[in-house]
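Asker: If you scroll down you'll find the structure; I have some questions about it.
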Amino acid sequence: MNAVTVSTKYQVVIPKEVRQSMKIQPGQKMQVIEYGGQIIMIPIRSIKEARGSLPGIDTDPQREKEEREL
Numbered sequence: 060m061n062a063v064t065v066s067t068k069y070q071v072v073i074p075k076e077v078r079q080s081m082k083i084q085p086g087q088k089m090q091v092i093e094y095g096g097q098i099i100m101i102p103i104r105s106i107k108e109a110r111g112s113l114p115g116i117d118t119d120p121q122r123e124k125e126e127r128e129l
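Numbers given in this note's numbering equal positions in the sequence shown, counted from 1, plus 59.
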């Protein structure tokens, strides 16, 4: 487990191993959530990066029979 120190400006440095494994880039936005006494940082990814992240998903929505007949 990696430990970080909070600076006087309340900043932390994400350890190199974590940055590399999560492919975090300088200037990238992070969502910060407090949950159950923990601080969770979630990288915000662009739509382009998310494309193809759900292989096999059916992108052809099936509507109700009544809607298709309209």
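Note that the Cβ used here is the ideal one computed from N, Cα and C, for glycine as well.
Computed from a predicted model, the values in this text were never measured in an experiment.
Leaving aside the five residues before and after Q90 along the sequence, list all residues of the same chain whose C-beta is less than 6 Å from its C-beta, in chain order.
Answerer: I101 and I103, listed in sequence order.
Asker: Taking M89 as part of the beta strand (DSSP E), name the residues at either end of that continuous run.
Answerer: M89 to Y94
Asker: I need the straight-line Cα distance from V63 to D119, nearest angstrom please.
Answerer: Approximately 46 Å between the Cα atoms of the pair.
Asker: For Q84, name the three-state secondary structure that DSSP assigns.
Answerer: coil
Asker: State the CB to CB distance for the pair V77 and N61, rounded to an integer number of angstroms; the pair is presumed to be in contact (CB under 8 Å).
Answerer: 6 Å
Asker: Name the two residues that bound the continuous beta strand (DSSP E) containing I101.
Answerer: Q97 to P102
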